[in-house]
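Sequence lines, in order, name chains A and B.
Residue numbering for the first sequence follows the numbering used here, beginning at 150 and increasing consecutively.
Residue numbering for the second sequence follows the numbering used here, beginning at 150 and increasing consecutively.
Don't be surprised by glycine CBs; every beta carbon is placed ideally from N, CA and C.
Below you'll find the structure, written out as structure tokens, and then a few comments.
There are 2 protein chains.
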Amino acid sequence: MIGATSTMTGGVTAPRGFRAAGVSAGIKADGGLDLALLVADVPATAAAVFTINRAQAAPVVVSREHLGRSGGVARAVVVNSGCANACTGEAGMQGARDMTEQTARLVGCPPEQVLVASTGVIGVELPIAKIRAALPAAMRALAPDQGARAARAIMTTDPFPKESAARTTIAGVDVAVGGMAKGSGMIEPMLATMLAFVTTDAAVPQPLLARALRETVDETFNAITVDGECSTNDTVLLLASGASGAAVDESTYPAFAAALRAVSVELALGIVRGGEGATKLVTIRVSGAADAAEARRAAKAIANSPLVKTAIHGGDPNWGRLIAVAGRAGVAFDLSRAGVTIGETTLFDNGKPYDHNAPRAAEYLKGNDLIVGVHLGAGQASSTVWTCDLSADYVRINADYRT
Amino acid sequence: MIGATSTMTGGVTAPRGFRAAGVSAGIKADGGLDLALLVADVPATAAAVFTINRAQAAPVVVSREHLGRSGGVARAVVVNSGCANACTGEAGMQGARDMTEQTARLVGCPPEQVLVASTGVIGVELPIAKIRAALPAAMRALAPDQGARAARAIMTTDPFPKESAARTTIAGVDVAVGGMAKGSGMIEPMLATMLAFVTTDAAVPQPLLARALRETVDETFNAITVDGECSTNDTVLLLASGASGAAVDESTYPAFAAALRAVSVELALGIVRGGEGATKLVTIRVSGAADAAEARRAAKAIANSPLVKTAIHGGDPNWGRLIAVAGRAGVAFDLSRAGVTIGETTLFDNGKPYDHNAPRAAEYLKGNDLIVGVHLGAGQASSTVWTCDLSADYVRINADYRT
Chain A
150 MIGATSTMTG GVTAPRGFRA AGVSAGIKAD GGLDLALLVA DVPATAAAVF
200 TINRAQAAPV VVSREHLGRS GGVARAVVVN SGCANACTGE AGMQGARDMT
250 EQTARLVGCP PEQVLVASTG VIGVELPIAK IRAALPAAMR ALAPDQGARA
300 ARAIMTTDPF PKESAARTTI AGVDVAVGGM AKGSGMIEPM LATMLAFVTT
350 DAAVPQPLLA RALRETVDET FNAITVDGEC STNDTVLLLA SGASGAAVDE
400 STYPAFAAAL RAVSVELALG IVRGGEGATK LVTIRVSGAA DAAEARRAAK
450 AIANSPLVKT AIHGGDPNWG RLIAVAGRAG VAFDLSRAGV TIGETTLFDN
500 GKPYDHNAPR AAEYLKGNDL IVGVHLGAGQ ASSTVWTCDL SADYVRINAD
550 YRT
Chain B
150 MIGATSTMTG GVTAPRGFRA AGVSAGIKAD GGLDLALLVA DVPATAAAVF
200 TINRAQAAPV VVSREHLGRS GGVARAVVVN SGCANACTGE AGMQGARDMT
250 EQTARLVGCP PEQVLVASTG VIGVELPIAK IRAALPAAMR ALAPDQGARA
300 ARAIMTTDPF PKESAARTTI AGVDVAVGGM AKGSGMIEPM LATMLAFVTT
350 DAAVPQPLLA RALRETVDET FNAITVDGEC STNDTVLLLA SGASGAAVDE
400 STYPAFAAAL RAVSVELALG IVRGGEGATK LVTIRVSGAA DAAEARRAAK
450 AIANSPLVKT AIHGGDPNWG RLIAVAGRAG VAFDLSRAGV TIGETTLFDN
500 GKPYDHNAPR AAEYLKGNDL IVGVHLGAGQ ASSTVWTCDL SADYVRINAD
550 YRT
């Protein structure tokens with residue numbers, strides 16, 4: 150937890166006014182939880198950011214349509230894992246619409262107040278009959294204490310569920326923000342991350358809610374990468390129930406934004422920690438960039454470099470690879486003023502190597518929460534990006550994902 | 150071998166007028182060959198392309214300087230493996246100059262007629278004393294039949310040496326083109342590849358030689374990728390001895406360019422086949438792009454995707470990942486007209502999945518020379534790029550490269 154907000158347990162049902170459920174619809178071959186439902190007691194204000202991948206999955210298209218038609222109001226979110234419903238043609242569009250229509254019928258709201266998300270294998274037909282059959286059970290299971298089960302139902306290759314919740318005070322009223330997210334491959338969100346669902350019991354006008362989400366996403370879900378892959382299904386949804394009675398306006402916005410950021414950072418870092426095959430969380434801090442965009446670009450290039458990620462996996466302080474990536478990142482870079490630090494140890498500074506410090510850096514790299522700094526020597530701007538190491542397990546997980 | 154040129158055995162010493170040597174200078178800890186020398190009997194016409202990485206290694210800086218000062222003439226090339234001499238500050242620059250000066254003294258030519266290249270770990274001091282001590286032995290070992298030994302002396306993590314040679318006829322005279330190259334990590338050349346040295350016994354005016362190299366590199370060394378990493382040391386050198394007596398001019402240029410392309414393609418594909426941990430050579434053919442630059446960009450994005458590379462490694466026809474990468478590649482893309490073929494098998498066409506063809510594609514993926522086609526549905530342009538699969542061995546090789 151960051152800032153003036155304080156931590157609390159729970160996830161999407163930590164804020165008042167939300168119930169959730171996670172059930173098994175039989176989409177996953179192993180019979181695991183694969184259908185999640187999140188329902189607000191009354192219509193909630195809703196904001197979303199979606200993938201900018203041009204091969205957008207059917208649920209992304211449908212959810213965007215519904216948000217437009219409802220004017221930013223949502224009663225329910227229905228999510229399946231085990232099938233991405235992407236590249237599935239007209240049948241996939243029909244399946245995504247069907248999921249929202251069935252849910253709307255059960256909840257008792259217009260279909261456009263239901264949002265939908267899917268995650269899993271691309272290009273495989275959505276088993277809509279299984280989902281239709283399982284929805285009534287999900288509806289019956291809805292409860293304010295079932296957020297953790299919903300968080301497990303949206304997992305694919307994730308090694309653990311990601312939940313986060315924070316509380317803050319707005320106009321003297323206790324307000325909660327809660328969320329759940331899933332990774333863990335195809336993670337380099339360009340406007341959003343794979344799937345994240347955040348709720349609050351504050352009352353937030355839609356434009357302010359959309360602004361809060363946009364600002365938060367840029368420094369959290371958009372600042373992480375596992376494998377440089379932007380998914381077809383990336384979706385972040387933020388729902389505000391207003392059930393706390395606290396209203397967010399311009400004056401109370403900072404407190405709300407801080408709580409939202411705290412939850413989003415924890416979920417985003419959870420996605421990286423649970424990245425496919427990941428054993429280490431790595432914070433990449435790029436400084437000395439010509440501008441913020443170049444700082445972010447260099448940081449992302451380093452964070453996605455297989456040579457950097459494998460070296461970190463092996464605990465090898467191969468700092469030359471960091472400089473090599475910075476030099477090819479297409480940003481202003483001055484080798485004679487550049488530098489590298491691993492933890493507190495300087496390995497390269499103003500163009501001179503300090504390779505005798507490598508053993509100290511190697512010792513530091515045995516840890517699993519690491520900070521790496523790269524100075525471009527070209528200006529004053531900086532950016533922070535989070536990534537994970539690249540292990541042989543990443544290859545094992547992805548070499549036979551479908552089988 | 151491609152085109153009207155015919156194949157021949159050998160490498161850089163296949164063309165007349167060149168001698169080579171490979172010796173052990175003790176740079177590599179295992180005592181393997183690590184110092185190569187290539188000497189032309191008379192000053193050769195020379196052209197080069199170098200890395201565009203902004204963190205250029207000392208030998209790149211020195212070789213570029215020398216080519217400028219000599220006006221495109223070279224007598225010798227000295228290459229060490231086991232140390233990249235990159236990010237080594239002023240001492241590294243001095244070491245690179247020292248290598249050329251010692252070689253020039255032994256060969257009996259001006260220092261600017263000696264070109265230098267290095268490959269190995271970045272940021273480690275060049276063991277110049279060892280190189281100085283070994284150069285006389287390399288000089289004594291020079292012979293027209295030692296090209297294969299030179300090709301082994303430039304290897305780092307390469308699983309096998311890369312040599313190629315081709316012959317053609319120019320104005321009735323038999324002309325040879327030969328070359329050697331090394332990979333096998335940090336390979337996504339932006340103007341050149343790691344290290345490649347190509348020779349010919351044709352007499353080629355320098356401007357024509359430079360043009361031939363530039364045109365060839367774009368479709369060969371610049372069309373391959375192993376890990377998306379552009380090295381600090383990438384260098385391709387082309388030396389023409391004229392020893393065949395055949396002179397290349399505008400009218401005979403196509404024959405020469407075809408032979409050069411044949412040798413370059415074989416070396417470039419050798420680098421990919423010998424990519425770190427590689428078990429499969431994959432040809433990525435992107436079609437239906439808005440223009441050639443977008444076709445290349447999409448092809449490179451697919452060729453560098455860890456999810457595509459691991460799926461191919463596992464023989465998994467996970468074609469949805471190909472579409473997902475095409476969709477995020479930042480190029481014009483129309484999902485409703487896009488398509489994917491693996492070998493001869495269609496898996497996605499005009500936006501419709503043919504996932505029932507997956508078993509046939511899986512059978513094809515058991516091979517180790519694979520063709521994957523992705524149609525963007527946005528235009529008429531196309532591009533071909535070569536890559537390899539991503540295996541757990543890649544991680545093992547790179548997790549402890551320095552140790």
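Q.
Along the chain, where does the beta strand (DSSP E) containing Phe-370/B start, and where does it finish?
A. Counting along the chain, Phe-370/B falls outside any beta strand (DSSP E), and DSSP gives it neither H nor E.
Q: Compute the Euclidean distance between the alpha carbons of Asp-376/B and Lys-449/B, then round it to the nearest angstrom.
A: Answer to the nearest angstrom: the Cα atoms are 10 Å apart.
**Q.** Chain-ordered neighbours of Trp-468/B on chain A, where CB pairs are closer than 7 Å
**A.** Gly-272, listed in chain order.
(Q) Does Asp-190/A come out as helix, strand or coil in the three-state DSSP assignment? (A) Asp-190/A falls in the strand class under three-state DSSP.
Q | C-beta neighbour in chain B for Asp-504/A, strict 8 Å | A | Chain B has a Cβ within less than 8 Å of the Cβ of Asp-504/A.
Q. Distance, Cα to Cα, Ala-314/B vs Asp-350/B?
A. When rounded, the separation of the alpha-carbon atoms in Ala-314/B and Asp-350/B is 12 Å.
Q. Along the chain, where does the alpha helix (DSSP H) that runs through Ser-212/A open and close?
A. Here the alpha helix (DSSP H) through Ser-212/A covers 207-219.
Q. Can you find a CB in chain A that lies within less than 8 Å of the CB of Cys-537/B?
A. It does not: the Cβ of Cys-537/B has no partner Cβ on chain A nearer than 8 Å.
Q: Determine the direct distance from the alpha carbon of Ser-400/A to that of Val-474/A, and round the result to whole angstroms.
A: Between the alpha carbons of Val-474/A and Ser-400/A lies a gap of roughly 43 Å.
Q: Flag this pair as touching only if the stretch 318-326 of chain A and the stretch 208-216 of chain A have three or more C-beta atom pairs under 8 Å; answer yes or no.
A: In short, these stretches do not touch, since the Cβ pair count stays below three.
Q) Quick one: what does DSSP say Leu-430/A is sitting in, helix, strand or coil? A) Secondary structure at Leu-430/A: strand, using DSSP grouped into helix, strand and coil.
Q) When you compare each of Val-226/A, Gly-479/A, Pro-502/A and Ile-303/A to Glu-239/B by their alpha carbons, which one comes out closest? A) Checked all of Val-226/A, Gly-479/A, Pro-502/A and Ile-303/A; the closest Cα to Glu-239/B is Pro-502/A.
Q. Apart from the five residues just before and just after His-462/A, which ones in its own chain have a Cβ nearer than 8 Å to its Cβ?
A. The beta carbon of His-462/A sits closer than 8 Å to the beta carbons of Thr-428, Lys-429, Asp-538, Leu-539 and Ser-540 from its chain, once the five residues preceding and following it are set aside; these are given in chain order.
(Q) Taking CB distances under 8 Å as the criterion, tell me whether Thr-342/A reaches chain B. (A) Confidence in Thr-342/A is poor, its pLDDT being 44 and thus under 50, which makes the residue's placement unreliable; the coordinate value appears in the next sentence. The beta-carbon of Thr-342/A is placed no less than 8 Å from the nearest beta-carbon of chain B.
(Q) Counting only beta-carbon separations shorter than 8 Å, does Gln-295/B have a partner in chain A? (A) Closer than 8 Å: no.
Q. Any contact of the stretch 152-167 of chain A with the stretch 380-399 of chain A, i.e. 3+ C-beta pairs under 8 Å?
A. Taking 8 Å as the limit for Cβ pairs, the verdict is that the stretch 380-399 of chain A does touch the stretch 152-167 of chain A.
Q | Short-range partners of chain A found in the stretch 442-469 of chain B, where Cβ spacing is below 7 Å | A | Flagged, chain order: Ser-454, Pro-455, Leu-456, Thr-459, Ala-460, His-462, Gly-463, Asp-465, Asn-467, Trp-468 and Gly-469.
Q) If we cut at 8 Å on Cβ distances, does Asp-367/A have a partner in chain B? A) It does not; no Cβ of chain B falls within 8 Å.
Q. In this structure, does DSSP put Asn-229/A in helix, strand or coil?
A. Strand at Asn-229/A.
Q) How should Asp-294/A be labelled, buried or exposed, when 16 other C-beta atoms within 10 angstroms of its C-beta is the threshold for buried? A) Around the beta carbon of Asp-294/A, fewer than 16 other beta carbons lie within 10 angstroms, which makes this residue exposed.
Q) Any heavy atom of the ligand PLP closer than 7 Å to the CB of Ala-292/B? A) Because no ligand of any kind appears in the structure shown, any question about the ligand PLP cannot be addressed here.
Q. Tell me which same chain residues have a C-beta within less than 8 Å of the C-beta of Ile-176/A, skipping the five on either side of it?
A. Excluding five sequence positions before and after Ile-176/A, the CB atoms of its chain that fall closer than 8 Å to its own CB belong to Asp-183, Leu-184, Asn-229, Ser-230, Gly-231, Cys-232, Gly-269, Pro-276, Lys-279 and Ile-280, given in chain order.
Q) Out of Glu-261/A, Gly-500/A and Ala-507/A, which has the shortest C-alpha to C-alpha gap to Ala-204/B? A) Per the Cα distances, Gly-500/A.
**Q.** Residue burial classification, Pro-508/B (beta-carbon count within 10 angstroms, cutoff 16)
**A.** By the neighbour-count criterion, in which 16 or more other beta carbons inside 10 Å mark a residue as buried, Pro-508/B falls on the exposed side.
(Q) According to DSSP, simplified to helix, strand and coil, what is Lys-501/B? (A) Note: Lys-501/B maps to strand in three-state DSSP.
(Q) Can you tell me whether Asp-183/B is helix, strand or coil according to DSSP? (A) The answer is coil: DSSP assigns Asp-183/B none of H, G, I, E or B.
Q: Leaving out five residues on either side along the sequence, give the residues of the same chain with a beta carbon under 6 Å from the beta carbon of Gly-522/B.
A: Closer than 6 Å at the Cβ level, and outside the excluded window around Gly-522/B, lie Arg-434 and Thr-490.
Q. Between the Cα of Ala-189/B and the Cα atoms of Arg-298/B, Tyr-513/B, Gln-262/B and Gly-244/B, which residue gives the shortest distance?
A. Comparing Cα-Cα distances from Ala-189/B to each of Arg-298/B, Tyr-513/B, Gln-262/B and Gly-244/B, the minimum goes to Gln-262/B.
Q) In terms of alpha-carbon separation, which member of Leu-409/B, Ala-527/B, Leu-362/B and Asn-371/B lies closest to Asp-440/B? A) Nearest option by C-alpha distance: Ala-527/B.
Q.
Between Leu-358/B and Thr-384/B, how many whole angstroms is the CB-CB distance? I'm expecting something under 8 Å.
A. So it is not a contact: roughly 16 Å between Cβ atoms.
Q: For chain A, find out if any of its Cβ atoms is closer than 8 Å to the Cβ of Arg-509/B; answer yes or no.
A: No, because no Cβ of chain A sits closer than 8 Å to the Cβ of Arg-509/B.
Q. In the DSSP assignment, what are the bridge partners of Val-414/B?
A. Its beta-bridge partners do not exist; DSSP assigns none.
Q | Beta-carbon proximity check, Val-222/B vs Thr-194/B, cutoff 8 Å | A | Contact annotation: Val-222/B and Thr-194/B have beta-carbon atoms nearer than 8 Å.
Q: State yes or no: is the beta carbon of Ser-380/B nearer than 8 Å to at least one beta carbon in chain A?
A: Yes, its Cβ sits closer than 8 Å to a Cβ of chain A.
Q: Taking only runs that begin and end inside the stretch 505-551 of chain A, name each unbroken beta strand (DSSP E) of 3 or more residues, in chain order.
A: Listed in chain order, the complete beta strand (DSSP E) runs (minimum 3 residues) inside the stretch 505-551 of chain A are 518-524 and 530-537.
Q.
Taking the straight line between their C-alpha atoms, what separation do you get for Leu-187/A and Thr-494/B?
A. C-alpha separation (whole angstroms): 41 Å.
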